[in-house]
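Heads up: the sequence shown begins at -10 in my numbering, then just goes up one per residue. Beta carbons are placed, not taken as given, at the ideal position from N, Cα and C, and that holds for glycine.
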Amino acid sequence: MAAVLAAAPLKISAKAAEYPSEIISEAYCVMDADSGQLLVGGSADRRMEPASITKILTCALALEILDPQNKYTFSAEAASYDKGSTHLAFTEGETCKIEDLLYGAMVESANDCAMGLADAAAGSQLAFVKLMNQKAAEIGCKGTHFANATGMPDANHYTTARDMALITRYALSVEGFETYFSAWEWTIPATNKNTERKFGTHHSMIVGSANNSAYGYDYATCGKLGWTEEAKHTAVTVADNGKMRLICVVLKSTNKYAKYKDSIALFDYCFGAFRRVEIPIALKKTDVTLYDGEALYGKMTVYPMAAVELLLTDDLDEKDVTCTVNVPEYCDISAVDGIEVSVKFDKASGKMATEDVSVRPEYHIIRESDIVEADASVTKEKSTFRWWIFIAVPIGVILALAVLVLCIRAYNIRKYRKLRRHRHYQKLKRE
């Protein structure tokens, strides 16, 4: 019995760390939300249609621009959504809060809410889509282009599993976004044109096993689903077990259950197979000269952290990974936040992705000079000439001589007094 009990946890552990062999979704990946490291993936860079998971970027970008407590009145353009798609029946001239649109887009996946957010944030759908593509490029997406804020089918609307993980990672960094990304339900109060609207999440994993015994996942905290005939089922889910926070993306799942099965299998594998390790960074304190365009801005000193945290499977250890960072001698102030650590895996793994990645380290910047004048004249280096030595040395010599003179004087006075006492005693003796 003791032998059976001892063997049981080993068997469970091995099962938990077994790579899922029957993923149904055509493309997928799991990414560490903290570092951006891709842990596992299948066709992660294949261009595919995202459907309504597009709204993750729509809501995050809108939330960076808008105050959720402000009100918005639907324009004719924003109210011209496809009535056959998911919507909450907003009409031209109807007014609600921005937070109602955020909940409507994330929880109900309502296209009219997404279009309202785009209009409120940028003034038009076209202007907002331009911002979406700019943001996607800014955060490192290489296989993504958006044509609308909703995710409705379009030949020029596509992404990849990796890019959607990057977009989700960015969205998680936007203040307040998780409030809407994790919501189960919401009620929009009655407006000037409609009665109150109640709705709840369609993402079975984020409600937990107690509320959904079939596909509830206790570690799942946030998520968004998508579906169109062209894209099939898509899903983005965030799960946190207290040690790791992971982002799972699955694209083109053939049915509504496959996306859950795949996501749960991938999460179980990554939580069981990966461990967090620290990889040292070979970088000393480095001085950088800053420019603002062609004008000299000042100087800074970069103090990076001593190590990068990565997730590794048991077939790799710290010595199999090399981390380097090249801090430039000169840098434009707009690129200060772009200093990254290059992570190279020196050994292949059969259990995890081992492609080279870049991780942005946490580092401290202390500016050593103020902004230079408009003429961009080069600031002089601090002089190493020790002028104070020529004052300190003479003063020191004078003080030493003064002490010596005082000591000699004290000695002579003592000697003189001793001689006087001797003479006085001799005189008394003679008398």
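**Item:** For Ile236: DSSP bridge partner residues
**Value:** Met20 and Val227
**Message:** Along the chain, where does the beta strand (DSSP E) containing Ser347 start, and where does it finish?
**Reply:** Val346 to Val348
**Message:** What residue range does the alpha helix (DSSP H) around Thr302 cover?
**Reply:** It is not in any alpha helix (DSSP H) - Thr302 carries neither H nor E in the DSSP assignment.
**Prompt:** Roughly how many angstroms lie between the CA atoms of Leu106 and Asp21, to the nearest whole one?
**Reply:** 29 Å
**Asked** Given Ala342, which residues of its chain have a CB within under 7 Å of its CB, disregarding the five upstream and five downstream residues?
**Response** Leu27, Leu28, Val29 and Gly30
**Asked** Would you say Cys85 and Ala94 are within 9 Å of each other, going by their C-beta atoms?
**Response** no
**Message:** For Leu55 and Lys44, what's the separation of their Cα atoms in angstroms?
**Reply:** 16 Å
**Request:** Specify whether the segment 253 to 263 and the segment 180 to 189 touch according to this definition: at least 3 beta carbon pairs, one from each stretch, less than 8 Å apart.
**Result:** no
**Item:** Per-residue DSSP class, three states only, for Ser323
**Value:** helix
**Prompt:** What three-state label does DSSP hand Leu115 in the structure shown?
**Reply:** helix
**Message:** Is it buried or exposed, Gln114, if we count other Cβ atoms within 10 angstroms and call 16 or more buried?
**Reply:** buried
**Asked** Do Cys48 and Cys237 come within 9 Å of each other at the CB atom, strictly closer than that value?
**Response** no
**Asked** Using the beta-carbon count (16 or more within 10 Å), is Ile400 buried or exposed?
**Response** The sequence shown places Tyr at residue 400, not Ile. Burial call: exposed.
**Request:** Locate the alpha helix (DSSP H) running through Thr47, then write down its first and last residues.
**Result:** Lys44 to Ile54
**Prompt:** Is the distance from the Cβ of Ala125 to the Cβ of Phe117 below 9 Å?
**Reply:** no
**Request:** Write down every uninterrupted run of the beta strand (DSSP E) in the segment 105 to 178 whose length is 3 residues or greater and which is fully enclosed by it, in chain order.
**Result:** 174 to 177
**Item:** First through last residue of the alpha helix (DSSP H) which encompasses Gly261
**Value:** Ala247 to Ala262
**Item:** Exposure label - Glu38; buried when at least 16 CB within 10 Å
**Value:** buried
**Prompt:** So which of Tyr280, Ser338 and Leu301 has the shortest CA-CA distance to Ile322?
**Reply:** Tyr280
**Reference Asp71, options Leu50, Gln58 and Asn100, closest by Cα** = Asn100
**Request:** Starting from Leu279, follow the beta strand (DSSP E) in both directions and report where the run begins and ends.
**Result:** Thr275 to Asp281
**Whether Asn230 touches Tyr249 by CB criterion (9 Å)** = no
**Asked** Quick one: what's got a C-beta closer than 7 Å to Leu52's C-beta in the same chain, skipping five residues either side?
**Response** Leu91, Val163, Gly165 and Phe166
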